Structures are given as structure tokens and as C-alpha cells.
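Inspection log for the structure reproduced underneath, given as C-alpha cells.
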Amino acid sequence: MIVGIDLGTTNSLVAYFSEEGPKIIPNRLGKNLTPSVVSVDEEGNVYVGETARERMSLYPDSVAMAFKRSMGTEREYTLGGRKFKPEELSSMVLRALKEDAEAYLGEEVTEAVISVPAYFDDKRRKATKRAGELAGLKVERMISEPTAAAVAYGLYDKTKDTRFLVFDLGGGTFDVSILELYHNILEVRAVAGNNYLGGEDFTEVMAKLFLQKNKLQLQNLSEKEQVRLYKQAEKAKCAINDESKVNMSFLYEEKMIEAEITAKEYEEACEELLLKIREPVKKSLSDAGLKLSDIDEVILIGGATRLSIVRDFLIRLFRKFPDTRLNPDETVALGAAVSAAMKERREEVKEVILTDVCSFTLGTEVVIEYDEGKFEDGRFCPIIERNTVIPASHTERLYTARDNQEKVRVRVLQGESRFARNNLYLGELEIEVPKGPKGQESVDVTYTYDINSLLEVEVKVVSTGLTQKLIIKGADNQMTEEEIKKRMEELAYLKIQPRDYEENRLVLLRAERMYEEALGERRKKLDRYITAFEAALKKGDHDEIMNTRRELNDVLEEDDD
Ligand code: AMP
0 MIVGIDLGTT NSLVAYFSEE GPKIIPNRLG KNLTPSVVSV DEEGNVYVGE TARERMSLYP
60 DSVAMAFKRS MGTEREYTLG GRKFKPEELS SMVLRALKED AEAYLGEEVT EAVISVPAYF
120 DDKRRKATKR AGELAGLKVE RMISEPTAAA VAYGLYDKTK DTRFLVFDLG GGTFDVSILE
180 LYHNILEVRA VAGNNYLGGE DFTEVMAKLF LQKNKLQLQN LSEKEQVRLY KQAEKAKCAI
240 NDESKVNMSF LYEEKMIEAE ITAKEYEEAC EELLLKIREP VKKSLSDAGL KLSDIDEVIL
300 IGGATRLSIV RDFLIRLFRK FPDTRLNPDE TVALGAAVSA AMKERREEVK EVILTDVCSF
360 TLGTEVVIEY DEGKFEDGRF CPIIERNTVI PASHTERLYT ARDNQEKVRV RVLQGESRFA
420 RNNLYLGELE IEVPKGPKGQ ESVDVTYTYD INSLLEVEVK VVSTGLTQKL IIKGADNQMT
480 EEEIKKRMEE LAYLKIQPRD YEENRLVLLR AERMYEEALG ERRKKLDRYI TAFEAALKKG
540 DHDEIMNTRR ELNDVLEEDD D
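Numbering (numbering that gives the first Met the number 0), first residue to last: 0 to 560.
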């Protein structure tokens, strides 16, 4: 089974193509969103998702989040005294999603179509692919997030050429993409964005308003207090969408402090952020050579597009209502699942031509004449260049280099070096040519490369029409199987938690956090229930665990503030 995965900055999701169309697969906690958060403790225990995020306020040094931002860079995160690359942290998220999908579907998941931001370059895409491989997933196809969104909305099914603007405001990133459906080909025409703008900035505005009203400075708050403040600000931000005012409170130096914030005050405070949103919209339009009025449809994705002030702003800007039929958190994953079904050539879906960019150069080895009668062999001749929109097909005509040459050998290489020996060898084929003086005979070498990493090489002798073909699968495989195996072994000391106990761990962590935040009677009460639950866990009695957990959960629910 091939699944579709949205590996997001804040949250990740996995989806599959069911009989009724694409569907999100709930995680082990029954939720659709798995926070892209990883924590590793001193003993090498790995926590992923909500459990990892819950550890943030208790053990901030053991938690990493937003590592997608550093994908493909050399940055390392130190967790529990060990170092991890962003792709390794991502692989832990992917592994959790894979396990959840397998448990839900009851079958093995071997492959995934993973979505990546449209602006992700070669390095970042390769790192994403490696993350998949480290998680035991084959990744032959990646889909850009805006394309996935358009696919999820079924926009590829339109009969007339259409232009879409995909507006993606996530937790920490903002992307605008303009797509064009033209003769059944869906192509990303322009992308623009701001890597440092997202829902979190809107949370920060709320937190600052609150501090301002209470005449407090952020730097005077302890790290834990800051985490708690942002949690409350996040809640207030989501609540204000439907209210004219919200009450926000938070425990500061053992005292509960409060403030009322009106929707109007909040909107005014966000004005600067709204102006920042306008810039990339303008840039993408001008890059695509379009006007605001040329856009036929606007699609909203990313959790922060739920903010009513953002929606209102967009309605004013585009003078039309954006398409919001799908849940903005789930759209990309659903699109990735449709793309997975297209890849599997499922009958229910029509294969549309999705485009992507080739993140490396494909070419062949040639001999060049660098001076009259002087030859140098071992040179690289690019045929499909890096960043070419794929699917792509390019032909290069090559001539015989020696007198009476009988055969032409085409070595298929991938890489950026001018010298063949420095590039990656993918395969070769040979073809017979009629004898004659050098340069008389020629062959047309055609490379056709598609979004499934399938490279078709065709060599045709121009004079005789003789043709040979070679198909190379997975031409972009960067890490060899051995390298992946080695790194997996290196990471094997990590203790991936069995998924059955996730709920227990999460409840305990939440309870510990609340215990730290609580005082007096509340604290004593929490202690009683936590102790009872821990005792049941030690005993291992299933019914007792379930009962004490439910009771503890009820106590936690009393106020999760
Ligand atoms: P994403 O990265 O797409 O998962 O988006 C996460 C961002 O969406 C976070 O900043 C959330 O605070 C924000 N978000 C999620 N739900 C809402 C909501 N109902 N109202 C406002 N913002 C939201």
C-alpha cells in the first residue's frame, strides 16, 4: 500500500485512498494530526507527537520541533545528550505515521508519496527522501504542497484552463503558489513566501497584548512560564475567531492573572502581520505575470487560515470567497493520497500530469574535441538539467569520435560535475553504428524522466533507425541501501515506544505538568490520582489501568488551564 504523507512543520498527517476517496488515518491516540515534535531522553527513549510535545514544559532540552525548517542543512539537534540531523528527527515522525497506518489498514505500508514545499530545493528534497528511507519507506514520488492541495480539491479535473492561488499559512511558514492547469498539465507557475511568518506570530501578538495589559515583560517570565503563557495565548487566538472578546488567564509567580482582549484590539495589533501577508501574494502574481483578477480560485491551506482576521483580509484582497470545503490541516495529506493512488494507477483516479522539478542533472559521458584533433574523454554532457520541470524529455545528438567506430556506448550518469568519473553511474547501453570516418555517424540520445523517478533512455542511430532502450528506476537514489542500513543500525539504540502505551504516557506527562502548575488542594488531589494510576501501571492489571486512567483523565479535564 502506498500512503500519502504531509510532513509538516507543526503537524504531520498520513492518508490513504479508500473506496470512498482519500481519507486521513487517525494516529494511535485517535487524532488526525500528529505534532511534528520529537523528544529523546537520556536513556534513548524516543517520543513522537503529542507525547513529545507534552514533554516540552517539563524537559525542554530533550525536545525538538520545527526541524523541517532546517531540512537539508548541517544543523544538528542535541536531545538526551545525542545529536540528530533534521532528516533523522523527521524519520522518527514518519516511522510513527507508518506504524499508525499499518495498524489502521492491517497491512504493510512500504511506500509513501511525501509532500514538500514548492520552494524546497534539491538538498531539502533529498533530505526528505532520506528521512523516508530511514523510516523504512520507499519514496519515489514527492509532490509539492500546493499541487497536492489542488489535487485534493479535484481542481485537476476541470475542463477549462484555470489559474489557482494556493494560500498556505501554517504554524511558522507562509507560502503562496500560483498554479495553472493548462491542457491537462498542472504546473506550479510561481512561488513566494516568508519562512518566518505563520500562526505562531499571531499567537505571539496575543501573548504580548496580554502582557501589556498586565504591565509585564516577557523576559521576566521563566522558561516554563513562557511556555504556559503561549499555550493560553494559543487558546485565546483560536477562541477569538467566533467571539467579540476573550478572557485569558495564566499562572504567574503562583498567582492567577487575567485580561480581557477584544477582537478589535487583536485585529489592530495584527495589522503589521496582515501587511506582511500581502507582499508574497503580490510577488507571486508579478512573477507569474498575472493580476489579482486573473486568479480563478483561491484555496486556503494551513491551520492558521482558520483565523477569521486572515480570511476577512483575503476576501477584501481578492474580492472573492476562498474555497474552504476541505479542512485546511488535512488538504495536503489528502492530495498526497490521491497522488499515491495515481501512482498505483488505481482505476478510480484519472492520472493527470503533475509536474515537479528534477532536483539533479542527468546526462552521459562524451569525448570532446577541445582543439583541432585533440580529444579528451570522460567528460559529462548534461541531457536533463537540474530544476527542469518534469516530466521532461530531452534529446542530445552525439557523433562518433573515432574512424571506423563500430559501436556507441551510452553511459547514464547523474550529477553536477563536468567530469563523468565524479558523477553517479546509473547504467549503460550499447548500439551498433555503420563504420565510417569519425563524425559521420550520429545517435540521438533521449532521456525521459518522470515524477516517479523513472528514467527512460532511448538511443537511436540516425542513419539506420536502429533503436535501443533502457529503463532505470529510482534514478535519484542518493543513499545506497548499505548507507541507509548502516545509519539505521546506528540509530538502533533508540527505543521506539510501543504504540499501545502511548495514551498512558501522555496522560502521565500531562498530569505531571499540571501537578507542577497546581497548588494546594488541587495539587494534593492530582497527586492521589497520579499515584493510583502509577500503582495500576506497576501491577499491570488492564482493567485497573483503564479505570484509574479514566479517573485521572477526569481530574485533568476539570481544568486544563
Ligand atoms: P499548520 O502548520 O498548518 O498545522 O498550522 C498550525 C497553525 O495553525 C498554528 O499556529 C495554530 O495556532 C493555527 N491554528 C490551528 N487552528 C486554528 C484556529 N481554529 N484558529 C486560528 N489558528 C489556528
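Beta carbons: idealized from backbone N, C-alpha and C, even for Gly. These figures come from a predicted structure and were not determined experimentally.
Within the 8 Å Cβ cut-off, does residue i reach chain C?
i: Val108; result: This model lacks chain C altogether, as it is built from one protein chain only.
If I'm right that residue i touches residue j with Cβ under 8 Å, what's the distance once you round it to whole angstroms?
i: Ile471; j: Gly414; result: So it is not a contact: roughly 14 Å between Cβ atoms.
i: Leu412; j: Glu364; result: 6 Å
i: Ala400; j: Lys437; result: 6 Å
i: Leu451; j: Lys538; result: The displayed chain sequence assigns Asn, not Leu, to residue 451. Wrong, their Cβ atoms sit about 52 Å apart, outside the cutoff.
i: Ile4; j: Leu96; result: 6 Å
i: Pro327; j: Arg305; result: 6 Å
i: Ala335; j: Ile142; result: 6 Å
i: Ala262; j: Lys244; result: 6 Å
i: Ala117; j: Glu144; result: 6 Å
i: Leu164; j: Ala134; result: In fact, because the Cβ distance is near 33 Å, the residues do not count as touching under 8 Å.
i: Ser114; j: Leu6; result: 7 Å
i: Asn246; j: Glu259; result: 5 Å
Under 7 Å Cβ to Cβ from residue i, same chain only, skipping five residues before and after it: list those, please.
i: Leu325; result: Ala151, Tyr152 and Leu333
i: Leu180; result: Leu154, Tyr155, Lys157, Asp160 and Thr161
i: Gly525; result: With the sequence shown as reference, residue 525 is identified as Leu, and Gly is not the correct amino acid for it. Same-chain partners within the cutoff: Ala510, Met513, Tyr514, Ala517 and Val554.
i: Thr8; result: Ser35, Ala65, Lys67, Arg68, Gly169, Gly170, Gly171 and Thr172
i: Asn422; result: Phe379, Leu412, Gln413, Gly414 and Ser416
i: Arg522; result: Tyr514
i: Tyr229; result: Thr202 and Ala206
i: Ser338; result: Gly3, Val112, Arg140, Ile142, Ala147, Val150 and Leu353
i: Leu551; result: Val506, Ala510, Tyr528, Ile529 and Phe532
i: Phe320; result: Ile314
Beta-carbon within less than 6 Å of residue i's beta-carbon, same chain only, minus the 5 sequence neighbours each way: which residues are those?
i: Ala100; result: Val2, Val13, Ile24 and Val108
i: Ala535; result: Glu543, Ile544 and Thr547
i: Ala564; result: With the chain represented from 0 up to 560, any question about residue 564 goes unanswered, as that position is not in the structure.
i: Ile483; result: Glu132
i: Asp560; result: At Asp560, the pLDDT of 48 sits below 50, so the modelled position is not reliable and the matter cannot be decided from this model.
i: Lys128; result: Val138
i: Lys406; result: Glu429 and Glu431
i: Lys459; result: Asp443 and Thr466
i: Glu455; result: Thr447 and Ile470
i: Ile367; result: Glu375 and Arg378
i: Arg123; result: Met70 and Gly71
i: Asp402; result: Pro436 and Lys437
For residue i, which residues in the same chain have their Cβ closer than 8 Å to its Cβ, ignoring the five residues on either side in sequence?
i: Leu569; result: In this structure the chain extends from 0 to 560, so residue 569 is not present and cannot be described.
i: Met255; result: Ser248 and Phe249
i: Thr354; result: Thr146, Ile184, Leu185, Glu186, Val187, Val388, Ile389, Pro390 and Ile450
i: Leu505; result: Leu28, Glu49, Thr50 and Glu53
I'd like to confirm something about residue i: is its beta-carbon nearer than 7 Å to some heavy atom of the ligand ADP, or not?
i: Asp328; result: No copy of the ligand ADP appears in this structure; the ligands present are the ligand AMP.
Between the region 280-299 and the region 155-169, do three or more beta carbon pairs fall short of 8 Å? yes
Could you tell me whether the region 302-310 touches the region 191-201, where touching means 3 or more Cβ pairs closer than 8 Å? yes
What are the start and end residues of each continuous beta strand (DSSP E) run of 3 or more residues lying completely inside the region 302-361, in chain order? none
Decide if the region 33-53 is in contact with the region 62-75; the criterion is three or more beta carbon pairs, one per stretch, under 8 Å apart. yes
Is it a yes or a no for the region 265-275 touching the region 124-140, going by three-plus beta-carbon pairs under 8 Å? no
Please go through the region 202-243 and give each complete alpha helix (DSSP H) segment of 4 or more residues, from N-terminal end onward. 222-238
In chain order, each beta strand (DSSP E) run of at least 3 residues that lies wholly inside the region 114-156: 137-143
Decide yes or no for the touch test of the region 204-221 against the region 279-286: beta carbon pairs closer than 8 Å, at least 3 of them. no
May I have a chain-ordered list of the alpha helix (DSSP H) segments no shorter than 4 residues that lie completely inside the region 480-528? 480-489 and 501-516
At what residue ranges does the region 259-286 contain a whole run of the alpha helix (DSSP H), taking only runs of 4 or more? 262-268
Is there contact here, the region 376-387 with the region 31-40, by at least three beta-carbon pairs under 8 Å? no
3 or more residues per run - each beta strand (DSSP E) lying fully within the region 13-42: 20-23 and 36-39
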